[in-house]
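J.: One structure follows; several queries about it will come next.
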Amino acid sequence: MTAKNFSHWLKATHKTSIPGYLDGRRQPSLELGMVLLPALIQHLENSATHTRAQDFMTHWRRILAVATPQDETIHDPASWFNALGNCFDACLHFLGFRYRDPVRVILPPQWPSDTPVRICLPVPFIPTGIVLDCWQLVLAANLQWLQQPLPAELQRFVFTKLENLRQRVRSQSAHPLFISAAHDQNMPIIPITAKALQYGHGQHARWFEHTFTAATPNLCVRLARDKAATTHRLRQAGLPTTVNQATTEVTQALRFAERVGYPVVVKPLGKDGGAGVQANLTSAKMLRQAYAATAAIDPHVLVEQHVKGKDYRLTVLDGEVIWAVERVPAGVYGDGKQTILALIQQENSTPERRPGPTQTLKPLQLNDAAKSCLQQQQLTPQSVPDKGQFVRLSSIANIATGGRPQVVSEQVHPDNRQLATRAAAALRLDLAGVDLLIPDISVSWRDSGAAICEVNAQPDLGSTTAVHLYEHVLRARVNGNGRIPISLVVGDAHHDALTKQLMQATVALGHTVGLCNANQVSLHRAERTPEILATQCPLYQAGQLLLTSAEVSAMICHCDAKMAIPHGLPMDQYATLIITEKVPEPLATTLFKGAQQQVMVDAALADWATTYRKLLNKDCRYTEVALGKGCTLPSVAVPSMGNTP
């Protein structure tokens, strides 16, 4: 199956990115416009097409291992678009994004029509190109299926495309589990770059790029990534580490191995994550082969003496071991009946290894390295291991190469905990993954011996056993849920008497207030002249300016509907909402859904507001007061200090 041109069925009309919050959505969005041409409309009204479309949904659920509505029926263009929306949602779920606004489809009043169908796709803080490619994958696969159902080709086509998208998510976007943890805590997110996100607003916000923060010392990271320098620093700090040597010549590596004795390990000097690491090299021939493969990744190679013991990763945060796992190398357990090849296939069919939203482990590989590992155990892929016999498929115990983590946090000896925290402190890292080789983590290293083989300055927290750590790390860095008191005034943005009154009262509470309106963006502090930051700034841009400022502890935003609709609001929630004039949809729904503590509506708008009051959360106070020119704003409208709910 190949992506085909379906221009005789569909015509794209527009593509609009909405970086802010609109229509009550919790995320940015991307709106696409499509006109259904008569050929497709006629096709979708055919009962045979309905059956094919239903079959597609069945196959889509099976391929992605994601539940989509089982009872949906496809009987016309409208239901077809809704089904496509569910397929798209399944794609994002497959890629690891749990929190997503539903796809919204706005249909023309009748068919056929030159009015485009408007499709609003959620953008869960990832590049819009990934979202667009997800939609195009769903559309192309579905339209091809309607022409010619080919289940096997569909699966190959979809998996190829999804694997490419998965790689792009890993390399081009922030970690989905950090995004999910932020949603769990009602923590706002602002993209700084594709991979770096701000969690929280203003003074309460912190920046993260995976497990790096803005406070992570650059010098310490560079030191930790240089394995030879790390070894030197750990020895300098009096900590046990491996015997090793950095080299760019295989002859030097061979001389080192002859001096310290085989087996040895080779690693790329400046890489982490297990890339290029080869262990248990027992001969000069194996060392030469491994050196060549590692040098292809990094010409600077570290060769070190093999240390007997199990491989443990201890995650240290602020001087405390918060999680510990034993990293069991890639392998299978025999059952006395099946071959190793069959056992690998069986293991790879489990939910945790099979590609999909439940995958947390890498699939096992029967590559040259795995075959070499089998040969060292005097086994082949066709061997039938005894029941309970563990067969290694990798010389290193790394999750990135198919290993499996086993939690040992409660078993770590106090001396070993202290050893890990000392290693992180030696490199002056607040968050680190300390890799420790030791026979038994429950026995003190002082008695059994041990070696710190690596300290990772940007540790992967994992997704198999440690999903809770993402929330733990965010809570350790972000103040509460990261929110600051925000007041939103919606009305004539050029009459700002109410805004000034609200700003003065908020400054009196001790806040540094960021204020944006139709004229300017400014900072206000007690007993200081206001600082003008920008003039004639679009609403979304003005909000971003203030919410990403480390000085701002409260924000007041004054706008009218015309300012808010093009790009959406710059924030998803606000403590106080004040409305002095009617606003159209979809802004009205967005405004009432985002209010958290109190809503004040001009008494003259009482009838209009009745429709929207039901959208307020149960803890949000609603009042109707006179808010015309010359009116005094009740003191209750000033938001309290601290995080909003």
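Just so we're aligned: 569 in the UniProt record's numbering is position 569 of the sequence shown, and the numbers increase by one with no gaps anywhere.
All C-beta atoms, glycine included, are put in the ideal place defined by N, C-alpha and C.
1. Once you ignore the five residues that flank Val250 on each side, which residues in its own chain have a CB closer than 7 Å to its CB?
2. If you draw a straight line from the alpha carbon of Leu379 to that of Asp430, how long is it in whole angstroms?
3. Going by beta carbon distance, what residues of the same chain come within less than 8 Å of Val507, once the five residues before and after it are set aside?
4. Taking the alpha-carbon of Ile63 as reference, which of Leu154, Val260, Thr231, Gly200 has the nearest alpha-carbon?
5. For the alpha helix (DSSP H) containing Trp145, list its first residue and its last residue.
6. Determine the direct distance from the alpha carbon of Leu436 to that of Gln305, and round the result to whole angstroms.
7. If contact is defined by three or more beta carbon pairs under 8 Å, each pair taking one atom from either stretch, is the region 45-58 in contact with the region 26-34?
8. So what's Asp435 in DSSP terms, helix, strand or just coil?
9. Per DSSP, what are the beta-bridge partners of Val489 in this structure?
10. Near Ile565, what residues of its chain come up, given a Cβ to Cβ distance below 6 Å and the 5 sequence neighbours on each side ignored?
11. Lys11 to Leu37, Cα distance in whole Å?
12. Buried or exposed for Gln147, please, with buried defined as at least 16 other CB atoms from any protein chain shown within 10 angstroms of its CB.
13. Which value, in whole angstroms, describes the spacing of the CA atoms of Asp335 and Gln365?
14. What does a CB cutoff of less than 7 Å around Arg477 pick up in its chain, not counting 5 residues either side in sequence?
15. Classify Lys614: buried if its beta carbon has 16 or more other beta carbons within 10 angstroms, exposed otherwise.
16. Indicate whether Leu103 and Gly85 have their beta-carbon atoms separated by less than 8 Å.
17. When you compare the CB positions of Asp298 and Lys271, do they come within less than 8 Å of one another, or not?
18. Give me, in chain order, the residues of the same chain whose beta-carbon lies closer than 8 Å to that of Pro459; leave out the 5 immediate sequence neighbours on both sides.
19. Does the region 472-489 touch the region 197-206, meaning 3 or more C-beta pairs lie closer than 8 Å?
20. Just the C-alpha distance for Ser442 and Pro414, rounded to the nearest angstrom, thanks.
21. Give me, in chain order, the residues of the same chain whose beta-carbon lies closer than 6 Å to that of Gly309; leave out the 5 immediate sequence neighbours on both sides.
22. Residues in the same chain with beta-carbon distance under 7 Å from Phe390, minus the five sequence neighbours each way, listed in chain order, please.
23. With a 10 Å radius around its C-beta and 16 neighbouring C-beta atoms as the bar for buried, classify Asn617 as buried or exposed.
24. Could you compute how far the alpha carbon of Met1 sits from the alpha carbon of Lys15?
25. Can you tell me which residues form a DSSP beta bridge with Ala451?
26. For Val243 versus Val266, is the C-beta spacing smaller than 8 Å?
27. Looking at the strands, I want to know which residues DSSP matches up with Val303.
28. Taking the alpha-carbon positions, what's the Gln144 to Leu32 distance?
29. Please identify the residue among Val307, Val490, Ala253 whose C-alpha is closest to the C-alpha of Ala295.
30. Inspect the beta-carbon positions of Ile189 and Tyr199 and report whether they are closer than 8 Å.
31. Report the option in Leu92, Ala65, Cys91, His50 whose CA atom is closest to the CA atom of Thr73.
32. I need the DSSP call for His183, collapsed to helix, strand or coil.
33. Out of curiosity, what's the CA-to-CA distance linking Ala53 and Thr339?
34. In angstroms, rounded to a whole number, what distance separates the CA positions of Phe157 and Ala90?
35. Taking its Cβ as the centre, do 16 or more other Cβ atoms sit within 10 Å of Val301, making it buried, or is it exposed?
36. Is it true that the CB of Gln167 sits closer than 8 Å to the CB of Ala194?
T.: Let's see:
1. If we look at Val250 and ignore the five residues flanking it on each side, its Cβ neighbours are Arg288, Tyr291.
2. Near 44 Å, if we compare the C-alpha coordinates of Asp430 and Leu379.
3. So the list reads Val513, His524, Arg525, Ala526, once near-sequence residues are dropped.
4. Residue Leu154 is the option with its Cα nearest to Ile63.
5. Start and end: 128-147.
6. About 14 Å.
7. With the cut-off at 8 Å, the region 26-34 and the region 45-58 do not touch.
8. Asp435: strand per DSSP, three-state reduction.
9. In the DSSP output, where bridge partners are listed per residue, Val489 has His558, Ile578.
10. Excluding sequence neighbours, Ile565 sits near Leu587.
11. Distance from the CA of Lys11 to the CA of Leu37, rounded to the nearest whole angstrom, comes to 7 Å.
12. Burial state of Gln147 is exposed, judged by a 10 Å Cβ sphere holding fewer than 16 other Cβ atoms.
13. Cα to Cα, Asp335 sits roughly 19 Å from Gln365.
14. Excluding positions up to five away in sequence, the list reads Arg206, Thr213.
15. Residue burial annotation: Lys614 is exposed, with fewer than 16 other C-beta atoms found within 10 angstroms of its C-beta.
16. For the record, residue 103 in the displayed sequence is Val; it is not Leu. Yes, they are a contact pair.
17. It is a contact, given that the beta carbons lie within the stated cut-off.
18. Scanning its chain for C-beta atoms nearer than 8 Å, with the 5 sequence neighbours on each side dropped, one finds around Pro459 the residues Thr211, Arg313, Thr315, Leu431, Ala432, Gly433, in chain order.
19. As far as the Cβ criterion goes, the region 197-206 touches the region 472-489, which means the pair count is three or higher.
20. One alpha carbon belongs to Ser442, the other to Pro414, and they sit about 9 Å apart.
21. Contacts found: Leu437, Ile438, Pro439.
22. By the criterion of a C-beta distance shorter than 7 Å, Phe390 is surrounded in its chain by Gly331, Tyr333, once the five residues flanking it on both sides are discounted.
23. Under a 10 Å Cβ-count criterion, Asn617 is classified as exposed, with fewer than 16 other Cβ atoms of the shown protein chains found around its own Cβ.
24. No answer about Met1 holds up, because its pLDDT of 47 lies below 50 and its placement is not dependable.
25. Answer by DSSP bridge pairing, in chain order: Leu437.
26. Not in contact: Val243 and Val266 (Cβ atoms no closer than 8 Å).
27. Per DSSP, Gln245, Val266.
28. Those two C-alpha atoms are separated by around 20 Å.
29. Ranking Val307, Val490, Ala253 by CA distance to the CA of Ala295 puts Ala253 first.
30. Cβ atoms of Ile189 and Tyr199: closer than 8 Å.
31. Ranking Leu92, Ala65, Cys91, His50 by CA distance to the CA of Thr73 puts His50 first.
32. His183: helix per DSSP, three-state reduction.
33. So the alpha carbons of these two residues sit roughly 40 Å apart.
34. Distance between the alpha carbons of Phe157 and Ala90 is about 16 Å.
35. Looking at its Cβ environment, which holds 16 or more other Cβ atoms inside 10 Å, Val301 is buried.
36. Contact: no.
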